[in-house]
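There are 2 protein chains.
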Amino acid sequence: MKETEKFSKIFKALSNPGRLEIYLKILKSHKADFKTKDAASSCPLTQLYKNMKLGAPTLSHHLKELVHADLVITEKDGKFVSCRANMNTFQQIITLLNKHSVEQTEKE
Amino acid sequence: MKETEKFSKIFKALSNPGRLEIYLKILKSHKADFKTKDAASSCPLTQLYKNMKLGAPTLSHHLKELVHADLVITEKDGKFVSCRANMNTFQQIITLLNKHSVEQTEKE
DNA sequence: TTCATAGTTCGAATATTTTCGAACTATGAA
DNA sequence: TTCATAGTTCGAAAATATTCGAACTATGAA
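Written as structure tokens, this is what we have:
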């Protein structure tokens, strides 16, 4: 797949306000878990409902888009679904942007 | 405007393959100009047509979206239009992502 | 002033996204 | 085995995005 196609799909997944909020919550929970040394580093789906005005089918749909874009990894844990950010894809975004822009060392 | 709304608009602007390609070309030309110490740091619109299968109205439309998302700044130079990346918005994207993820210093 | 070139605007056809109700599956508890 | 809960799938309505032809404006050259 062409680089621009791959990344445009990633950005499309982040182009919806609700979906971006979901992703940032998952990223943040990753961070929180990292801080507390919790090996799970995951976020139960139910957490995502909080403060969001999305119905269950919508949330499920959005989550699938994030998984499809390789941004999020889900795992079924009994009755619950837990989510964590795919930090590999996360890093690829940063790398893409930096690759096309001025190198850090050349900054004024 | 809410943070997620603002950034979802930015990501939406990058969610179309053609538009992402345009943006990366503009970013890259910024980098090239920086390297040659060319103060202009700009990319003539005609350059963007190269290797792209987009019609003029489509390119114009896409460019407007990038400008609207504050990703690109255009300037009319006689008969031509030149574009450059808004590095302020660029940096905001990096900051948003890093803010929500594990701090660099905590990386394993 | 006439022409060619660079780019924009308008309008419309087509495709894709977004959202949600209704009906479904899967799991754990009683 | 019955029930409640967590989440998914399906289908469809409404909203948005994509693309491009045709017609337009603006500039510089002849």
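Heads up: the sequence lines are chains X and U, in that order.
Note that the numbering used here has the first sequence beginning at 1, numbered continuously upward.
Note that the numbering used here has the second sequence beginning at 1001, numbered continuously upward.
Built from N, CA and C at the ideal position, the CB exists for glycine as well.
Report yes or no: is there a C-beta of chain X within less than 7 Å of the C-beta of residue i?
| i | result |
| --- | --- |
| U/Pro1044 | no |
| U/Thr1004 | yes |
| U/Leu1014 | yes |
| U/Phe1011 | yes |
Any idea if residue i is buried or exposed, counting beta-carbon neighbours within 10 angstroms, 16 or more meaning buried?
| i | result |
| --- | --- |
| U/Tyr1049 | exposed |
| X/His68 | exposed |
| U/Lys1002 | exposed |
| U/His1062 | buried |
| X/Thr4 | buried |
| U/Ser1029 | buried |
| U/Ser978 | There is no way to answer for residue 978 of chain U, as the model of chain U reaches only from 1001 to 1108. |
| X/Glu75 | exposed |
Against chain U, does residue i count as a neighbour if the rule is that its beta carbon must be under 7 Å from one of theirs?
| i | result |
| --- | --- |
| X/Leu20 | yes |
| X/Lys28 | yes |
| X/Ser101 | yes |
| X/Leu71 | no |
| X/Ser8 | yes |
| X/Leu24 | yes |
| X/Pro17 | yes |
Sufficient close CB pairs (3 or more, under 8 Å) joining the region 1049-1065 of chain U to the region 1014-1033 of chain U:
yes
Cβ contact (3+ pairs, closer than 8 Å) linking the region 79-97 of chain X and the region 1008-1015 of chain U
no
Could you give the uninterrupted runs of the beta strand (DSSP E) lying entirely in the region 6-35 of chain X, keeping only those of 3 residues or more?
Counting only runs of 3 or more, we get nothing.
Threshold first: 4 residues or longer. Then list the alpha helix (DSSP H) segments lying entirely within the region 1039-1069 of chain U, N to C.
The region 1039-1069 of chain U contains these whole alpha helix (DSSP H) runs: 1045-1049 and 1056-1068.
Just list the alpha helix (DSSP H) runs in the region 71-106 of chain X, keeping only unbroken ones of 4 residues or longer that don't cross its boundaries, in chain order.
87-100
Residues in the region 1079-1097 of chain U with C-beta within 9 Å of chain X's C-beta atoms, listed in sequence order?
Ala1085, Met1087, Phe1090, Ile1093, Ile1094, Leu1096 and Leu1097
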